[in-house]
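Working notes, structure below.
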Amino acid sequence: METIVDVFQSVMARKPFGQVPAAEDGDLKLFKSRAITRYIVHEYAKNGTPLIYDTVKKIVPLSIWLEVEAHRFNPPAYKLIWELVAKPNFGLAADPAIILENEAKLAEVLDIYEARLSQSKYLGGDSVTVVDLHHLPEIIYLMDTQVKKIFEACPHFFAWCTDILARPSWSKVLELHKDANY
Numbered sequence: 001m002e003t004i005v006d007v008f009q010s011v012m013a014r015k016p017f018g019q020v021p022a023a024e025d026g027d028l029k030l031f032k033s034r035a036i037t038r039y040i041v042h043e044y045a046k047n048g049t050p051l052i053y054d055t056v057k058k059i060v061p062l063s064i065w066l067e068v069e070a071h072r073f074n075p076p077a078y079k080l081i082w083e084l085v086a087k088p089n090f091g092l093a094a095d096p097a098i099i100l101e102n103e104a105k106l107a108e109v110l111d112i113y114e115a116r117l118s119q120s121k122y123l124g125g126d127s128v129t130v131v132d133l134h135h136l137p138e139i140i141y142l143m144d145t146q147v148k149k150i151f152e153a154c155p156h157f158f159a160w161c162t163d164i165l166a167r168p169s170w171s172k173v174l175e176l177h178k179d180a181n182y
């Protein structure tokens, strides 16, 4: 009979930090969402809509924007989601100082995004890529908060949000999410 220790060791073999998401593709074990999505878009590039470019001159700018999303956009966006969405859902009070601080940080980032999106339809180039999709989870939550005003103050950024949120594939994801009763 399998013990709790056996189960724990099995989980930790797939998820070294004990966190989700984790994925397996054959004998390849992956963890961390950005690593998983990068693997998927490279490994399955010929299935469906290509979400990565195939030339170095296009991949490098896309990689830069992946880093910007991970290190500049995500941190303040995540903190705002925690304060404006998660805490109220847990019956906790949001911290106005943290909200103001992170709204200011996010607004600074959005100025850079606005400049980029005034020259390019998508962050990674002329077609939607994995970098655009990486923003969807944060954007969908923040659009239902006071942060939407910050988004709307950047017309190119807001148009980009509207475009990527309207993608049929994203609608399917939201439907699956709703059906999962989260």
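Residue numbering for the sequence shown is 1 to 182, as defined by full-length UniProt numbering. Idealized CB from N, CA, C, for every residue including glycine.
Asked                                                                                                                      : Found
Backbone CA spacing between glutamate 67 and proline 168 [nearest angstrom]                                                : 26 Å
Contact set for methionine 143: own chain, Cβ-Cβ below 8 Å, skip 5 residues either direction                               : Phe151, Cys161, Leu165
Best match in Arg38, Tyr39, Ala22, Ala94 for proximity to phenylalanine 31 [C-alpha to C-alpha]                            : Ala22
Leucine 123 vs tryptophan 170 beta-carbon contact at 7 Å                                                                   : no
Beta-bridge partners of glycine 124, as assigned by DSSP                                                                   : According to DSSP, which records beta bridges pairwise, glycine 124 is partnered with nothing at all.
DSSP state of phenylalanine 157 mapped onto helix, strand, coil                                                            : helix
Test item: CB-CB of leucine 92 and threonine 145 under 7 Å                                                                 : no
Three or more C-beta pairs below 8 Å linking the stretch 99 to 108 and the stretch 37 to 45                                : no
Endpoints, alpha helix (DSSP H) assigned at aspartate 179                                                                  : 168 to 179
Other residues of its chain near phenylalanine 158: CB distance less than 7 Å, five sequence neighbours each side excluded : Phe151, Glu152
Opening and closing residue of the beta strand (DSSP E) in which alanine 22 lies                                           : 22 to 25
Any chain D beta carbon closer than 7 Å to alanine 35                                                                      : Within the model displayed, chain D is absent; a lone protein chain is all it includes.
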